[in-house]
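Residue numbers (UniProt numbering), protein chains in the order written: chain A, 1 to 155; chain B, 1 to 155.
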DNA sequence: GCTCGAGTACTCGGATACATGCTGTCCGAGTTCGCTGGG
DNA sequence: CCCAGCGAACTCGGACAGCATGTATCCGAGTACTCGAGC
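The following block contains the structure:
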């Protein structure tokens, strides 16, 4: 029960893209910025492209770009894109094992319902926060510092 | 990002123990009831013992028992006992990589804060529900059916 | 008939293998930029 | 001086290994019950 690193990477990349503005950022740039394995980072960013969160432009000067405004990218979007649409808790209906079918089982499993209630609270909270909120919550000047850091990187 | 099966097993076992009352239930009984691998199920139940949720009595006629009243066993207890105390989202502070230390980093990471907020909502919802709530939410007669099912098993 | 004892069967407990999925890496297809030659 | 064409470098994209965690299993230590012999 541990969320993959890709989520942290993806969120920081989205936040960086929001800070930098319109210019495409290549995988290698992100990998250098955060000291991450370039090939695997690219794999995760491609998942964000498939989910419609990022757009990718090939060729020299290409890279990744936010597919839509930061206000319209929720943390839920990023998490479900990188971790899959599956739920944390998967009910295998063990209550029905070893016993003949019963009309009682038409009702949803109480254990699953309880677990799903908690999971729903998690997803709701994730969906309520956007990349724009991350931008707003960052300390003042953070965007400028990242832009400078990025510019120095190109040199 | 998938919760282990042990959580589902553990919750159903706790619920069953609450239904059955005071009599200890051995691993083999649970395994037969739910058609689960006995050895592995035992391993998971032992984790619940270590967490102080169940008590175990060795010897013939032994088995597992709830360590305290169902009202005092929350889903959070069971989940953290079986999945470990670690958090879903682990911040590795990649924001600090590849750049000299800065006073900005004294502030908590915004990405981690956002993720933790969602995770806190999840844990809060888990802590708000108890095994007693599962008992109350079950359809009427479920406890009696389980008792009968268990009695038939002993035969 | 009652008590004591050893034996037996059953239980938990921890140490040991296997499988799935996350992590990490590689090479190939396509596109853009820059340079060069000609008009 | 301007333009077209070619080459090269850079980019993404998907297919291929390695490792860690979760899953599954086995054997050993300890305890309660049971049966039998002795009193």
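Just so you know, even glycine gets a beta-carbon here, dropped at the ideal spot from N, CA and C.
Here the structure is a predicted model, which means the values were calculated and not measured.
Helix or strand or just coil, what does DSSP make of residue i?
i, result
"residue 107/B", "coil"
"residue 215/B", "An answer regarding residue 215/B cannot be provided, because it is not within the stretch 1 to 155 covered by chain B."
"residue 63/B", "strand"
"residue 102/A", "coil"
"residue 54/A", "strand"
Does any residue of chain B have a CB that is nearer than 7 Å to the CB of residue i?
i, result
"residue 49/A", "no"
"residue 6/A", "no"
"residue 96/A", "no"
"residue 129/A", "yes"
"residue 111/A", "yes"
"residue 45/A", "no"
"residue 3/A", "yes"
If you compare alpha carbons, which of the options is closest to residue i?
i, options, result
"residue 92/B", "111/B, 64/B and 123/B", "111/B"
"residue 76/B", "102/B, 150/B and 125/B", "125/B"
"residue 60/B", "23/B, 37/B and 33/B", "23/B"
"residue 12/B", "97/A, 27/A and 65/A", "97/A"
"residue 36/B", "58/B, 10/B and 55/B", "10/B"
"residue 128/B", "70/B, 109/B and 65/B", "70/B"
"residue 15/A", "86/A, 99/A, 65/A and 58/A", "65/A"
With a threshold of 16 other CB atoms inside 10 Å of the CB of residue i, please say whether the residue is buried or exposed.
i, result
"residue 44/B", "buried"
"residue 68/A", "exposed"
"residue 8/B", "buried"
"residue 88/B", "buried"
"residue 62/B", "exposed"
"residue 95/B", "buried"
"residue 131/B", "buried"
"residue 52/B", "exposed"
"residue 39/A", "exposed"
Would residue i count as contacting chain A if we go by Cβ distances under 7 Å?
i, result
"residue 11/B", "yes"
"residue 89/B", "yes"
(request) Count the CB pairs spanning the region 82-90 of chain B and the region 2-16 of chain B that are closer than 8 Å, and state whether there are at least three. (result) Below 8 Å, enough C-beta pairs join the region 82-90 of chain B and the region 2-16 of chain B to call them touching: three or more.
| field | Any 3 or more C-beta pairs closer than 8 Å across the region 121-136 of chain B and the region 10-23 of chain B | value | Contact holds: three or more Cβ-Cβ distances are below 8 Å.
Is there contact here, the region 103-122 of chain A with the region 46-53 of chain A, by at least three beta-carbon pairs under 8 Å?
-> They do not touch, by the three-pair rule.
* Asked: Does the region 27-38 of chain A come close enough to the region 141-153 of chain A that 3 or more CB-CB pairs lie under 8 Å?
  -> The region 141-153 of chain A vs the region 27-38 of chain A: in contact.
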